[in-house]
Each structure stands twice: as structure tokens, then as C-alpha cells.
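Structure, as C-alpha cells:
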Amino acid sequence: MTGLATVLFLGIVAQWIAWRFHLPSIILLLLFGFVAGPVTGFIDPDQLVGEMLPSLVSLSVALILFEGGLSLRLRELPGVRRVIFSLISIGMLVTWAIGAFAAHYILELEFSMSVLLGAILTVSGPTVIVPLLRDIRPKATVSSILKWEGILIDPVGAIVAVLVFEAMILGEFSKAPAHIAEGVIMTIVVGGIAGTVGALLLIFLIKRYLIPDYLQNSVSVALVLLVFVSSHHFQADSGLLSVTVMGIFLANWSSITVRHIVEFKENLQVLLIGILFILLSARMELQNFKEVGFGGLIFLAILIFVARPLAVFCSTVGSGLSWRERAFLSSVAPRGIVAAAVASLFSLGLAQGGFPQAELINTYTFLVIVGAGLVYGLAARPMARLLDVEQVQPQGVLLLGAHAIARKIATKIRDEGFKVVLVDTNWTNVSLAKLEGLPTYYGNILSEHFLDDIDLEGIGRLFALTPNNEANSLAALRFSEHFGRAEVYQLPHDTADQREASDLHPKHLRGRYLFGPDENYRLLEQQIDDGAVLKTINITEEFSFDDIQERYSKLFIPLFLIAESKTFEVVTHDVKLSPRAGQKIVALVQE
Numbered sequence: 004m005t006g007l008a009t010v011l012f013l014g015i016v017a018q019w020i021a022w023r024f025h026l027p028s029i030i031l032l033l034l035f036g037f038v039a040g041p042v043t044g045f046i047d048p049d050q051l052v053g054e055m056l057p058s059l060v061s062l063s064v065a066l067i068l069f070e071g072g073l074s075l076r077l078r079e080l081p082g083v084r085r086v087i088f089s090l091i092s093i094g095m096l097v098t099w100a101i102g103a104f105a106a107h108y109i110l111e112l113e114f115s116m117s118v119l120l121g122a123i124l125t126v127s128g129p130t131v132i133v134p135l136l137r138d139i140r141p142k143a144t145v146s147s148i149l150k151w152e153g154i155l156i157d158p159v160g161a162i163v164a165v166l167v168f169e170a171m172i173l174g175e176f177s178k179a180p181a182h183i184a185e186g187v188i189m190t191i192v193v194g195g196i197a198g199t200v201g202a203l204l205l206i207f208l209i210k211r212y213l214i215p216d217y218l219q220n221s222v223s224v225a226l227v228l229l230v231f232v233s234s235h236h237f238q239a240d241s242g243l244l245s246v247t248v249m250g251i252f253l254a255n256w257s258s259i260t261v262r263h264i265v266e267f268k269e270n271l272q273v274l275l276i277g278i279l280f281i282l283l284s285a286r287m288e289l290q291n292f293k294e295v296g297f298g299g300l301i302f303l304a305i306l307i308f309v310a311r312p313l314a315v316f317c318s319t320v321g322s323g324l325s326w327r328e329r330a331f332l333s334s335v336a337p338r339g340i341v342a343a344a345v346a347s348l349f350s351l352g353l354a355q356g357g358f359p360q361a362e363l364i365n366t367y368t369f370l371v372i373v374g375a376g377l378v379y380g381l382a383a384r385p386m387a388r389l390l391d392v393e394q395v396q397p398q399g400v401l402l403l404g405a406h407a408i409a410r411k412i413a414t415k416i417r418d419e420g421f422k423v424v425l426v427d428t429n430w431t432n433v434s435l436a437k438l439e440g441l442p443t444y445y446g447n448i449l450s451e452h453f454l455d456d457i458d459l460e461g462i463g464r465l466f467a468l469t470p471n472n473e474a475n476s477l478a479a480l481r482f483s484e485h486f487g488r489a490e491v492y493q494l495p496h497d498t499a500d501q502r503e504a505s506d507l508h509p510k511h512l513r514g515r516y517l518f519g520p521d522e523n524y525r526l527l528e529q530q531i532d533d534g535a536v537l538k539t540i541n542i543t544e545e546f547s548f549d550d551i552q553e554r555y556s557k558l559f560i561p562l563f564l565i566a567e568s569k570t571f572e573v574v575t576h577d578v579k580l581s582p583r584a585g586q587k588i589v590a591l592v593q594e
């Protein structure tokens, strides 16, 4: 019991440290596992879970890939579909061939072992790609390509590796090409059908309200695992594809919401990743790493600097991607939990089958995971900046409401050089905004199709400015997932009793209050009717913030600060304003 609690604790601590200091979490997880296992002997995974380890690993990976599938949106595919499918087909074959060649001639592995290792190292995975993309924030095109590739390549690469492994165990490696071709076709058919049936069943149960809300997460986990083992029963190791398909199907079914399931799976994934990496790395033998030598580093370099760029080049010929985008795609291909899990299971099976180099499969896989994690984790952001594919922190504003007040605020923001988009269901308001040259969207911001229809690149925050308190709160709740809770704002609720407002609209059910605790829609409208105007004022050493307040003593309501670096800070009543010389302040003032 102590050992299991320690594994869980180390997994969470490693991921927290990685978040706190902006480090690749996979490196810390492996380090903690090495120290807890082979270095100190404090954790013995074989003693902790025994023969259940392969089952635990397989079921955990299934849940992780299902969660990855839930993050994929079909709206991201137009324009990059061909590149994505080329990367998981042509690109995978190129990576596999080069990896196998290098393993055979540089690492001096047997030919069958080299082919297996090359297949294992074709995978990437959401556990490493998604955090990397979140940290780097590349532009939409390359971000979509890397996310889709990283999630889809896992079941594809794992299936190919499994088929190679089976051919080796059965002693029919010479027949491996035919066995792999047949296995891939059967896996696509069985996995696709099983995943679709599982998704449709869960959709039916949710739509018909046959599952109470508090059981939906538990039922979804149980059903995912059932789909995984059922698919595996009919076609060995097709389960990984089936759960990925199930996740994609659910994520793109518009008539139900799976947001709560996604949130639950994300939390579960954090626990599973920590447990798996700690357990798998704790099983490693330090002696095996001492035998790696210089050849292992050359092998790693070939995968990073030869295999990946060549795979991207072959997959993107004639794609329309710029050379900068192709170069960045070439510089990102980390390996994650699927590679670690598959290698550990195969190493165990090959050792039991009497293969003398079995443990080296595990050793070289973990070498690539660590080495690639370090290289890509440290180099990806500088490469993104060098190649100009990194999104700068988006400063634009999505404004809910296109009425007179919203138009005045949007115009002022636009005039300062920031992107704005106004959304309203009132056609008159939208028409007036268009006449003023403001970008608009006519429709419901809460619509399922809203994010499909609008380009939010360059937009980093929401201002909910309607006179409807509930509409503002609902919009803030929805877009807190997109922009983060710190960047969704709304007008204060229109009530004289602040205690009542706090009771009716608690913080976790709304956005941050804009401008001040009393600046609700009704008051702003009255102040503008009385002659107040929006004004941009330069703060200098000679004309300080105190001087500005004294100059506009009749009415002075700060709205936001604009820094020389072209970023702006929204004024809210929960953060003390700290203006300084060199900044501009946009305020509602009355002469």
C-alpha cells in the first residue's frame, strides 16, 4: 500500500514541478522513476502489481488515447487533412525504415529486433504533444497538424509494432509483411466498427437521459474499457484504434455535450500518466544504460535530425505549407507513454520467449523518450520564434454585444491596434457595427457551431457586455475553457445589493467583473447619455496617474492600460491598478 501511494505521490509532484518551472514533465517523471526504482530500490513494480502490470498498462493507455480522441475536432481538418494522413502513412513508413536501418547497423541489433524497435519509435502521443503545443502556442495550421498526427499515429504505430512482435513470437518473421498488411486492414475494420458502435451507444444513453449525470463519467470509463477489450477479442490489439475512434466520434457529435466527460478524463489522465511513467521507469536496469555507449547517441541523433525531417519532407511535398511551417514540423516529434508502454510489454514478452536482446528494446526506447524529450522540449520554442510560427500572446478581444457601448469600446481597442470581433443576435446592432467598420458575427455565441464559423486567431479574451446578466455569465463560462478563467470578463450584475449579487452569481459561475464593482450596463449607458466619452490618455512623468484623476475629477473610470509593448491590461475591481509612466490609459471620462 505504501508503494502504490508513493508512486501516485511522485507522479503528481513531478508534474507539478514541471508546470511550476516550465520543464518537460516526461523527463521529471522518468527521473523520479529511475531514482525510486533502480537507484534506491524503494519501489519494485513487479512486486507492487505483479502479473497485473501488462493489463494495467494496456487499460491505462486505452483511457489516455480515448481522452486524446476527445480533443480532436473535425473543423480543424480542412486545409491540413492531406498532410495529416500523409504523416501517419508515408511519414510513419519513412520513420520506421530509417529507425530500423539505424538500429541494425549502428546499435547492431538483430534484424527482427531492429524492425520492431523502428516500429515502436514511430509513435508520438497526446501526453507529450499537447503540453508542448500549449507551452509554445504555434500558429493554427501547424498546431492542428501536430495534434492530429500525435494522437492518430499512436494506434497506427502501436498496431504495426504489435504485428511485428507477433510475427517474431510465432517464428514467422519472413512472412511479416503479409501478416502486417492483413493485420492493419482487419484492425482498421474491427477498431473502426467497435469505436463507432461504442460511441453511438454512449450517445444514445446520454440523449435518452438513461444515465444520471453523476454516473456519466463512470459509465463512459466502463464503456471505453469494454470497447477496448471487445475490439481486442475480435482482432488482437485493435483496441487502441477503437477507443481513439470512439473519442473522435463523441467529440464531434453536436447533439450532446461531453464537456464534463472531457474534464474528468483530463484529470484521470494526469493520474494515469504519472503512475505509468513511474512504474515503467522504475523497472529499468541501470546496467543496460551503461551498455548504450556512443552508438545510442548516434541512433538518437539520426531519429531527430534525419528521420523526422525526411518524413515531414516526403509527407508535405505539394501541400502548400510554407518552408517555415515544414521546418517547424520537422523539429517536433517527441515520444510518450505509448512508446514506453509498448516497449515495456514487448521487452517482457520477448524475454519470456528467449530473445537475447529483449531488454535492449526497452532501454533504447527510454533513451529516445528522454533524449527526444530534452531536445524538443528545449529547442521547440526557440525554433518556433526563429521560424516565425509562434503565436504571440493574443491580445485581441471577442465582445459579446454590438450595442452602442460595445461599439465605442471596440472602436477604441481597434484604434489602439488590437483585433476585435463583436457578436450579437440583434441584426440592427450588427449592421451599425459593420457601418462603423468593425468585424462582426451575427448569431448566438453559445451555438455549437460558433467556433466552427469564426476565426479567433489573435483573440485572447472575452468581454461580455450585454444587459443580460445570465447571458454574460453563460458566455464567460463557455469561453473560460478557450481563453482561461483569467481572460473572461463581464459587466457587473445590475443590482444595488452587492451581497445579493454575490449569492446569486458566485465567482465560479461567472467571469471577472469589468472596470469596477458598480459599472453595470445601466450605469454605463446613463453616463454616456450624460456626455461621458472614451478617451486615451498618455501617462508621463509630468502628467501622472494622480494628475489625470485630478484633471477628470467629475468622472474618471479606467477601462484598460496599454503598455509600450502593445499589450493591454484590463481594469477589474479584484486587481489593484498600477499605472506607470510610458503607458496609456483608456478611460470613460467627463470633462
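Going by the working numbering, the first residue of the sequence shown is number 4, and it counts up by one from there.
Where is the CB? At the ideal position from N, CA and C, for every residue including glycine.
Task: N-terminal and C-terminal residue of the beta strand (DSSP E) that Lys-538 is part of - done: Residues 536 to 541.
Open item on the list: Tell me which residues share the same chain as Met-189 and place their Cβ nearer than 8 Å to its Cβ, disregarding the 5 neighbours each side in the sequence.
Closed with: The answer, listed in chain order, is Gln-238, Ser-241.
- [ ] Mind reading off the beta-carbon distance from Val-589 to Lys-415? Whole number of angstroms is fine, and I expect it under 8 Å.
- [x] In this structure Val-589 touches Lys-415 by the C-beta definition: roughly 6 Å separates them, less than 8 Å.
- [ ] Please check the pair Ala-409 and Thr-368, which I expect to be a contact at CB under 8 Å, by giving their CB distance rounded to whole angstroms.
- [x] Wrong, their Cβ atoms sit about 55 Å apart, outside the cutoff.
Task: Identified DSSP bridge partners for Gln-593 - done: Partner residues in the beta bridge of Gln-593, as assigned by DSSP, are Leu-558.
Task: Best match in Ile-276, Val-309, Ala-314 for proximity to Met-95 [C-alpha to C-alpha] - done: In terms of Cα proximity to Met-95, the closest of Ile-276, Val-309, Ala-314 is Ala-314.
TODO: Put Ala-602 into one of helix, strand or coil per three-state DSSP.
DONE: Because the chain spans 4 through 594 in this model, residue 602 falls outside it and cannot be assessed.
Open item on the list: On a Cα-Cα basis, can you pick out the residue from Gly-298, His-235, Arg-286, Glu-490 that is closest to Gly-399?
Closed with: When the alpha-carbon of Gly-399 is set against those of Gly-298, His-235, Arg-286, Glu-490, the nearest one is in Glu-490.
- [ ] Determine the burial state of Thr-5: buried for a count of at least 16 other Cβ atoms within 10 Å of its Cβ, exposed for fewer.
- [x] Exposed is the call here.
Task: Ile-91 beta carbon less than 7 Å from that of Ala-346 - done: Contact: no.
TODO: Compute the minimum distance between the beta carbon of Asp-533 and the heavy atoms of the ligand ADP, and state whether it is under 6 Å.
DONE: Summarising the ligand content, the structure contains no ligands, and the ligand ADP is consequently not present.
TODO: Take Gln-18 and list the residues in its own chain whose beta-carbon comes closer than 8 Å to its own, dropping the five residues that flank it on each side.
DONE: Closer than 8 Å at the Cβ level, and outside the excluded window around Gln-18, lie Ser-28, Leu-31, Leu-32, Val-273, Ile-276, Gly-277.
Open item on the list: Just verifying my parser: in three-state terms, what is the DSSP assignment at Phe-571?
Closed with: Note: Phe-571 maps to strand in three-state DSSP.
TODO: Just mark Lys-569 as buried or exposed, buried being the case when its beta carbon has 16 or more other beta carbons within 10 Å.
DONE: Exposed, since its Cβ has fewer than 16 Cβ neighbours within 10 Å.
Task: Boundaries of the alpha helix (DSSP H) in which Arg-513 is found, first to last residue - done: It is not in any alpha helix (DSSP H) - Arg-513 carries neither H nor E in the DSSP assignment.
TODO: With distances taken Cα to Cα, identify the nearest neighbour of Val-309 among Phe-104, Asn-541, Ile-251, Phe-349.
DONE: Nearest option by C-alpha distance: Phe-104.
TODO: Run the CB neighbour count on Trp-326, radius 10 Å, all protein chains shown included, and call it buried at 16 or more, exposed below.
DONE: Burial call: exposed.
- [ ] Indicate whether the contact test is met: 3 or more Cβ pairs, each with one atom in the segment 346 to 364 and one in the segment 115 to 135, closer than 8 Å.
- [x] Three or more beta-carbon pairs separated by less than 8 Å link the segment 346 to 364 to the segment 115 to 135, which places the two stretches in contact.
Open item on the list: Tyr-492 and Gly-461 - do their beta-carbons sit closer together than 7 Å?
Closed with: Going by beta carbons, Gly-461 and Tyr-492 fall outside the 7 Å limit.
Task: Beta-carbon proximity list for Ala-478, same chain, < 6 Å, skipping 5 on both sides - done: Only Leu-403, Ile-448, Ala-467 meet the Cβ criterion.
Open item on the list: Please report the distance separating the alpha-carbon of Glu-54 from that of Cys-317.
Closed with: Each residue's CA atom was taken as its position, placing Glu-54 and Cys-317 some 42 Å apart.
Open item on the list: Does any residue of chain C have a CB that is nearer than 7 Å to the CB of Pro-141?
Closed with: Of the chains in the structure shown, none is chain C; there is only one protein chain.
Task: DSSP three-state assignment for Ala-122, whether helix, strand or coil - done: DSSP, read as helix, strand or coil, puts Ala-122 in helix.
Open item on the list: In the DSSP output, what is Thr-443 paired with across the bridge?
Closed with: In the DSSP output, where bridge partners are listed per residue, Thr-443 has Leu-425.
- [ ] Name the residue from Asp-391, Arg-384, Asn-429, Val-392 whose alpha carbon lies nearest to the alpha carbon of His-406.
- [x] Taking only the C-alpha atoms, the option nearest His-406 is Asn-429.
Open item on the list: Just to confirm the assignment, what range does the beta strand (DSSP E) spanning Phe-466 have?
Closed with: Going by DSSP, Phe-466 is part of the beta strand (DSSP E) stretching over 462 to 467.
Open item on the list: Let me make sure I understand the geometry here. Which of Leu-59, Ala-383, Pro-48 has the alpha-carbon closest to that of Leu-149?
Closed with: That would be Ala-383, whose Cα lies nearest to the Cα of Leu-149.
Task: Rounded straight-line distance, which links the Cα of Leu-526 to that of Glu-503 - done: Model confidence at Glu-503 stands at a pLDDT of 49, short of 50, so the residue's coordinates are unreliable; what they give is reported in the following sentence. Their backbone Cα atoms lie some 18 Å apart in a straight line.
TODO: Report the three-state DSSP secondary structure of Val-596 (helix, strand or coil).
DONE: Only positions 4 to 594 of the chain appear in this structure, which leaves residue 596 out of reach.
- [ ] Helix, strand or coil for Lys-3, going by three-state DSSP, please let me know.
- [x] No statement about residue 3 is possible, as the shown extent of the chain runs from 4 to 594 and does not include it.
- [ ] Determine contact between the segment 258 to 272 and the segment 45 to 54, defined as no fewer than three beta-carbon pairs at a distance below 8 Å.
- [x] Under the Cβ criterion (8 Å, minimum of three pairs), the segment 258 to 272 does not count as touching the segment 45 to 54.
TODO: Give the range of the alpha helix (DSSP H) segment to which Gln-493 is assigned.
DONE: No alpha helix (DSSP H) holds Gln-493; the beta strand (DSSP E) holding it covers 491 to 493.
Open item on the list: Given this structure, state the Cα-to-Cα distance separating Leu-441 from Lys-422, to the nearest angstrom.
Closed with: Leu-441 and Lys-422 have their C-alpha atoms roughly 10 Å apart.
Open item on the list: Counting beta carbon pairs with one atom in the segment 357 to 367 and one in the segment 68 to 87, are three or more of them shorter than 8 Å?
Closed with: Taking one beta carbon from each stretch, the segment 68 to 87 and the segment 357 to 367 have fewer than 3 pairs nearer than 8 Å; the two do not touch.
Task: Leu-77 - containing beta strand (DSSP E), residue span - done: Run containing Leu-77: none; DSSP gives neither H nor E here.
TODO: Enumerate in chain order the residues of its own chain whose CB-to-CB distance from Ile-565 is below 6 Å, with the five nearest sequence positions on each side excluded.
DONE: By the criterion of a C-beta distance shorter than 6 Å, Ile-565 is surrounded in its chain by Glu-419, Phe-571, Lys-587, once the five residues flanking it on both sides are discounted.
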